[in-house]
Amino acid sequence: MMSVCRVRSLSLFGIDALPVEVEVDVSAGLPGFSIVGLPDAAVQEARERVRVAISNSGYKFPTKKVIVNLAPANLRKEGAAFDLPMALGILAASGGVPLSRLEDVGVVGELSLDGGLRGVRGALSMAEAARLGGLRRLILPKKNAREAAASGGIEVYGVGGLREAVEFLASGNGVEPAGPWSEDGEEPAAVEDFADVTGQGYAKRALEVAAAGGHNVVMSGPPGSGKTMLARRMPGILPPLGLGERIEVTKVHSAGGETNGSLVRSRPFRAPHHTISTAGLAGGGSNPRPGEVSLAHHGVLFLDEFPEFGRRTLEVLRQPLEDGYVTISRVAATLSYPARVTLLCSMNPCPCGYAGDSRRACRCTPGQIERYQGRISGPLIDRMDLFVDVPRLSRDELRDGTPAEPSRLVRERVTLARRAQVGRQSSPNCALSGRLLRAACGLKGDAEALFARAIDRMGLSGRGHDRVLRVARTVADLSGEEDIAVEHLAEALNYRRSYGFGR
Amino acid sequence: MAGRESAAYLFLSLLQAKTGGSLSNRLAGRDVRAVLERPADEFAREMNLTERAARALAELREGFDACALVERLALKGVRVLTRADEGYPARLDAAPDPPPALFVDGRLPEGGFVALVGSRKATRAGVETACGLGRELAARGVCVVSGLALGVDAAAHEGALAAGGATVGVLGCGIDVVYPRSNRELFRRVEAQGALVSEYSPGEPPLAWRFPARNRIIAGLSDAVVVVEAPEKSGALITARHALDAGRDVWAVPGPPGSPECRGSNRLLADGAGVLWDVPEFLEAVTDHRGEEGGGLSPTGLPTGPPTGPVVNQHEIPETPVGLPEGEAEVLRGVDFRAVGADVVAGRTGVEMRAVLSSLAMLELKGYVARDAAGNFSRRSAP
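In order, the protein sequences belong to chains A and B. Note that my numbering gives residue 57 to position 57 of the first sequence, counting from 1, and the numbers run on in steps of one. Note that my numbering gives residue 1172 to position 172 of the second sequence, counting from 1, and the numbers run on in steps of one.
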């Protein structure tokens, strides 16, 4: 009888998984069950779950001294994903069940008391790590099988419970490997369509440019002007995700426990409330999970009522906007989550909301307006590319019958423009800077002369200068032009920051 | 400063700053020296002072030394002008409820004074008009008086300074207190090129009630008051009322009907204020006025000749400017003096949004339209 048994498992660390070995020793002595190797509370509780699940599945829990060690011992283990490997290890080590095929198999899964399996977070990352760790097969809960199979290069077996897993490992059949990943039908169309919004052509155009180039946008306007309504329609015009992007997004969402068992289909659109905590936005917690900014990776993070967010909360956005990831430091370890987002913000122009409105007088003093706009820090404002004023429409304008363009058509333009960008510099235009920017945004003839005049007359700063060029590049891409022409540059100049904003 | 009368006025001024109300009116005919010379309690009873005012009177009396105070202020470069002094502006003295004393930093120029007042939250058009009028007036040697607040006030001072003329800022706080703070630089330049004036002694904070009160000084100092842009319930309308009480001319710049930023100033027009529809006509009218009082060369030595800068006049725009590409001319026809968003321009002209946006930026660069802080576009008076 073999007394020590090793089962390979995986643990999620950030959005990546690391291999963990579950060693089980069953020996004579006072009956007991203990787990060592830096387990957290959820892992400790596995003792009760595993014991009950084993007996409820029709096996016998050994009346011996059972010690489980999770190696490497210096890595903090969390969550319930070690339930299944522990149970299998105990059954194998006590010799109650012959388990011959544990060598090149990775096992993860949370047990329920009746011996069934619950889904785990980060299945896709685990499959990837298992493949890189040299494992040939991965056993995990049925619910996660499709997601894990998308990684490819490893046989993924989804099982429904402990009994099924044991039988499969003993006989080598009974469970079919999850098929290679395949597309599941058409991408569902966004529910909310631009065609439902009357007027606001300016804001719609700005959002189109933002979607095409991944530029950050601030929409400013009085209450009821439709900022939120416009923002909610943004997902419908975002370009589709590429397969590589989908895998990245799925890994983040899976680490956050937010997947439906398949690859994420459309670009994320996250709209956290302004009372969100710093950890909620950036990620963290004692068992770190990705925050909203990471869940919006490759998509849009919509911050409604921008100045109402805590200043400290917003400051954590600086790193992701600059580097494309967030770093979370804990005593035990430092981890980072990807966070390449398009920031979409909406705000009132002043505390009462009606500054600049044509029909309602603003009640704020100039000092109040300055303080309100000053709540957003300069460095953050510096990362915004498009500033759009959304006016309140009069009843006549609202009644205007001309049908608006449906999101589908806008999206087609956006998709082509994004494809052109990726083809040229393999990144969206928002990421252009320095040498790449100059290479992609060369100005010729009239456009160059116009830009020189604009710099003089509109007082563009160095940053503002780059910003206008990036946006002009996207406008040109939307028109399918190779070179930035005068009209593209001129349109981009409209999206610059109004003077006196946010200082 | 010398004399018991001056000291009494100075004392009265300090007392008024404490009590808030005007005691000058109650003195009516009585000798001002009574404030210092009559026993405090007796004086308070005679004048029917409130208990608080009476207490303030008694406290101020203690250790009051006019000469020492004046000397101390002189060290800071602050001059005190009381109603008993030579240099006290005659026009202000003739107005109702003149301040007993003025604290002055800088030089009060001789000659004509015109006040330019209006909203602190003026539109782009209002700010440009105020700035242009300030420049024209200063170029003709007229001193521009205003309140050194944001918006129209600041623009009026800026205009006068740009023309190298004199300008006087009347404050609702001590003249060493910079309020609003963002006008710090402007304060310094006004002081250098004209004067800062206040009825409150240095160090007095900008309390809310002091601003309407200082408006009577703006009106009192001036031959004419121009309201550039004022919503209903604007401080500029208070200035206009004081000007009427003092028998000064009130002018107003017409604004678009119904626009809330101009309701107050338009109302003044409806009530019979001078219509500032043509800048040269206005300038002629106010400089004539000045001539009656014996003008000549401006204090800065500028001849009172024709204006040097472009004349701000909303009504002298070429209908369709020549030399504009057809697309831009078409978009320009959709922009008027009232600031509107790009969507309205697109709606008026029927031009596609993309083309509207690029045309607007071109027109802005060429100087035909202006974009305000709220991102709205309006015509500029002169490219």
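C-beta atoms are modelled at their ideal positions from N, C-alpha and C, and glycine is treated no differently. Being a predicted model, the structure only gives us computed values, none of them experimental.
Same chain, Cβ closer than 7 Å to ALA1346(B), five either side skipped, listed in chain order
Residues MET1353 and VAL1356 of the same chain have their beta carbon placed closer than 7 Å to that of ALA1346(B), with the five preceding and five following residues left out of the count.
Checking contacts by CB at 9 Å: is VAL486(A) closer than that to chain B?
yes
Throw me the rounded Cβ distance for the SER277(A) and THR313(A) pair, which I believe falls under 8 Å.
In this structure, SER277(A) and THR313(A) form a Cβ contact; the two beta carbons are roughly 7 Å apart against a cut-off of 8 Å.
Can you name the residues of chain A whose CB is closer than 8 Å to the CB of ARG1120(B)?
Neighbourhood of ARG1120(B) in chain A, by CB distance below 8 Å: THR365 and PRO366, in chain order.
Could you work out which residue in ASP1031(B), ARG1338(B), ASP1343(B) and GLY1159(B) is closest to VAL1190(B) when comparing CA atoms only?
GLY1159(B)
Taking 9 Å as the cut-off, decide whether the C-beta atoms of ARG8(A) and GLY106(A) are in contact.
In contact: ARG8(A) and GLY106(A) (Cβ atoms closer than 9 Å).
Taking 9 Å as the CB-CB limit, is LEU1357(B) close to chain A?
yes
Determine, using beta-carbon pairs with one atom in the segment 1164-1172 of chain B and one in the segment 1128-1143 of chain B, whether at least three such pairs fall under 8 Å.
yes
Quick test of the definition: if touching needs 3 or more C-beta pairs under 8 Å, does the segment 262-272 of chain A touch the segment 372-391 of chain A?
no
Step through the CB atoms of chain B and report whether any lies within less than 9 Å of the CB of PHE194(A).
no
Which parts of the segment 350-426 of chain A are runs of the beta strand (DSSP E), unbroken and 3 residues or longer, counting only runs that do not cross its ends?
386-389
With C-beta atoms as the reference, is GLY1235(B) less than 9 Å away from LEU1092(B)?
no
Using the Cα positions of GLY79(A) and ALA42(A), report the straight-line distance between them to the nearest angstrom.
5 Å
Hey, would you say ALA1115(B) sits closer than 9 Å to ALA1122(B), going by beta carbons?
no
CA-CA distance, LEU1237(B) and GLY1264(B)?
Taking the straight line from one Cα to the other gives about 7 Å.
Leaving out the 5 sequence neighbours to the left and right, which residues in its chain are closer than 7 Å to GLU248(A) when beta-carbon positions are compared?
HIS297, HIS298 and PRO338
Just how far apart, CA to CA, sit ALA1008(B) and VAL1032(B)?
6 Å
Helix, strand or coil for VAL252(A) per DSSP?
DSSP places VAL252(A) in helix when its eight states are reduced to three.
So with Cβ pairs under 9 Å, would you call TYR372(A) a contact of chain B?
For TYR372(A), the nearest beta carbon of chain B is not closer than 9 Å to its own beta carbon.
Delimiting residues of the alpha helix (DSSP H) encompassing VAL1035(B)
1034-1037
Any beta carbon of chain A sitting closer than 9 Å to that of PRO1231(B)?
yes
Could you name the residues of the segment 468-497 of chain A whose beta carbon sits closer than 7 Å to any beta carbon of chain B, in the order they occur along the chain?
GLU487, ALA490, GLU491, LEU493 and ASN494
Rank PHE1337(B), ALA1044(B) and GLU1364(B) by C-alpha distance to the C-alpha of GLU1261(B) and give the top, closest one.
PHE1337(B)
Which term fits GLY1305(B), buried or exposed, when burial requires 16 or more other beta carbons within 10 angstroms of its beta carbon?
At GLY1305(B), the pLDDT of 38 sits below 50, so the modelled position is not reliable; the number obtained from the coordinates is stated separately. Flag for GLY1305(B) reads exposed.
The segment 135-145 of chain A touching the segment 20-40 of chain A, judged by at least three CB pairs closer than 8 Å:
no
Is PRO240(A) closer than 9 Å to ALA212(A) when the C-beta atoms are compared?
no
List, in chain order, every chain E residue whose beta-carbon is nearer than 7 Å to that of ASP385(A).
Absent from the structure: chain E. Protein chains present are A and B.
If distances are taken between C-alpha atoms only, which option among LEU91(A), ASP304(A) and SER479(A) comes closest to PHE61(A)?
LEU91(A)
Can the beta-carbon of ASP1372(B) be found less than 9 Å from the beta-carbon of GLY464(A)?
Between ASP1372(B) and GLY464(A), the gap from beta carbon to beta carbon reaches 9 Å or more.
Please list, in chain order, the chain A residues whose beta carbon lies closer than 7 Å to that of ASP1343(B).
Neighbours of ASP1343(B) on chain A, chain order: GLY199, GLN200, GLY201, TYR202 and PRO391.
Take the Cβ of ARG1380(B) as the centre, count every other Cβ of all protein chains shown within 10 Å, and call the residue buried at 16 or more, exposed below.
buried
Checking the sheet assignment: what are the DSSP bridge partners for ASN69(A)?
GLU23(A) and VAL36(A)
Given a limit of 8 Å on CB to CB distance, which residues of the segment 1176-1187 of chain B reach chain A?
Listed in sequence order: PRO1180 and SER1182.
Pull up the distance between the alpha-carbon of ARG265(A) and that of TYR495(A), whole angstroms please.
31 Å
Min CB distance LEU12(A) to chain B below 9 Å:
Taking Cβ atoms only, chain B never reaches closer than 9 Å to LEU12(A), which makes this a no.
Contacts that PRO349(A) makes with chain B (C-beta to C-beta distance below 7 Å)
Close partners of PRO349(A) in chain B (Cβ separation under 7 Å): ALA1374.
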